[in-house]
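Please read the structure below before turning to the comments.
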DNA sequence: GTCTATAGCCTGATAGAC
DNA sequence: GTCTATCAGGCTATAGAC
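Protein chains in written order, with this note's numbering: chain A, 7 to 221; chain B, 7 to 221.
Below you can see the structure in the form of structure tokens.
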């Protein structure tokens, strides 16, 4: 047995091999400091292995980065924005979606991922594309589907669900999202999320309802 | 006189001294590649001077970066979002504001600045703050002032102009902004900007109008 | 597979001639 | 002020012992 041993907080991780430990350390560091500012020495140290071991699992820094990113996007895929039961009231349904959306968007992890993707977007265009498809595009699609449902049911007037979803999600972000992304607001309070979600949902319903008098 | 000479495209710049040349080269490179990926050698080369000259003007890489950023923000301050004559129709006024806002937001320069600030937001929190104050905060303020004016005139129902401005500008960004920021859409066409601005302005007016009967 | 040690390069910053 | 030449240190990646 070797002399020094770094015990992971969760023993189960040991069983998965060091590749996982390395990826998790890499994820933490890449996310918080960016690609260039994160050295392979630092990752090796954080994972409790030597640099040579690290290169035995990943053939280069770039390869490690890409493996970490793919893992992150795979995790994204699992999340579902729409609650199982949306009820019949458009406002209540949109409010529920809005709260879920904001909670997901303002999580520290998600914010760090966006910062990272944007920082590397020039160097790695395919990273931007993969991010967009796995995140924003899917969210827009889900909301558009829901809006179309409401439209078909006659509960809301949304002749163009794709554009409607874009407007609604845009409203939902607002300055709150920007401030969190910039790190100016360390964590959004639940009350703030609720308030913002309610305002946006009400505004959207209001903008869709009064279509009839036109014509 | 030295043997080799780098002629700037504009002779006038020579008169301003090399400090300006250096800052412009630094701005180009920092903006397009980020802080860490830009070396002092590269800046010196792009500015047509030696590295020692560069250090004669700026005492460190960090100092050069901050000078460049401050210059960028100073330039920001000059822009005014509101047209001189907004007219009486709320929709037309908001449409004009929307088009200006999108044009400003989607300029390559502005996109690069946002990417840069976000990338460095962890390392330089005060940079985030300066950016927010010089850009988004001022924009929100201007739009809120205009919305308050419309409200006072009774042309639109906006009891909370600050929140209204946030909703309107959020709507205005939408996926178009995100795609440009990610570099997935090299340049937004004028038609796309006009269409998006019109949709957002119409939606905002619709969400505000029905509360009080027009006239 | 895992370690220690190091190669080879690039970086930010400086010394000294002119 | 501007240059050439260079330093000291950090970086990615690899060699070789075990």
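No residue lacks a Cβ here, since even glycine has one placed at the ideal position from N, Cα and C.
Bear in mind that the values here come from a model prediction, so they are computed numbers and not experimental data.
The C-beta of residue 96 of chain A comes no closer than 9 Å to any C-beta of chain B.
The beta carbons of residue 140 of chain B and residue 83 of chain B sit closer together than 9 Å. Contact annotation: in the region 114-129 of chain A, residues whose CB is within less than 9 Å of a CB in chain B are 118, 120, 121, 122, 123, 124, 125, 126, 127, 128, 129. Against chain A, the beta carbon of residue 38 of chain B has neighbours under 8 Å at 128, listed in chain order. Rounded to the nearest angstrom, the Cβ distance from residue 113 of chain A to residue 149 of chain A is 18 Å, too far for a contact under 8 Å. Note that the region 192-204 of chain B does not touch the region 23-39 of chain B; fewer than 3 beta-carbon pairs, one per stretch, sit closer than 8 Å. Distances from the CA of residue 181 of chain B to each of A:99, A:55, A:122, A:144 were compared; the closest alpha carbon is that of A:144. Closer than 9 Å to the CB of residue 109 of chain A there is not a single CB belonging to chain B. With respect to chain A, the C-beta atom of residue 151 of chain B has no partner C-beta closer than 9 Å. Under the criterion of beta carbons closer than 8 Å, residue 138 of chain A and residue 190 of chain B qualify as touching, at roughly 6 Å. Contact between residue 176 of chain A and residue 33 of chain B does not hold, since their C-beta atoms are separated by about 30 Å, which reaches or exceeds 8 Å.
At least one beta carbon of chain A lies nearer than 9 Å to the beta carbon of residue 142 of chain B.
Our two residues, residue 66 of chain B and residue 96 of chain B, have alpha carbons roughly 50 Å apart in a direct line. For residue 86 of chain A, the three-state secondary structure derived from DSSP is coil. Look at residue 188 of chain B: its C-beta is under 9 Å from a C-beta on chain A. If you ignore the 5 residues before and after residue 126 of chain A, its C-beta comes within less than 7 Å of the C-beta of 41, 133, all in its own chain and listed in chain order. Distance from the Cα of residue 89 of chain A is smallest, within the candidate group A:75, A:76, A:106, for A:106.
Interface with chain A (9 Å Cβ-Cβ cutoff): residue 135 of chain B is included. In this structure, residue 37 of chain B keeps its C-beta atom at 9 Å or more from the C-beta atom of residue 124 of chain B.
When 8 Å is used as the limit between beta carbons, residue 205 of chain A is near these residues of chain B: 169, 173, in chain order. When C-alpha distances from residue 100 of chain B are compared across B:58, B:43, B:161, the shortest belongs to B:161. Identification of chain A residues near residue 131 of chain B by a Cβ-Cβ cut-off of 7 Å yields 189, ordered along the chain. Sorting B:187, B:159, B:192 by C-alpha distance to the C-alpha of residue 93 of chain B places B:159 at the top. Here the alpha carbons of residue 111 of chain A and residue 193 of chain A stand approximately 12 Å from one another. Interface residue (Cβ-Cβ distance to chain A less than 9 Å): residue 84 of chain B is not classified as such. Within chain A, no residue has its CB atom less than 9 Å from the CB of residue 45 of chain B, the nearest being about 11 Å off.
Among the CB atoms of chain B, none fall inside 9 Å of the CB of residue 76 of chain A.
C-alpha of residue 39 of chain A to C-alpha of residue 50 of chain B: approximately 26 Å in a straight line. DSSP, read as helix, strand or coil, puts residue 66 of chain A in coil. Any Cβ of chain A closer than 9 Å to the Cβ of residue 138 of chain B would place that residue at the interface, and such an atom is present. When rounded, the separation of the alpha-carbon atoms in residue 146 of chain B and residue 70 of chain A is 41 Å.
Ranking B:103, B:119, B:44 by CA distance to the CA of residue 80 of chain B puts B:119 first.
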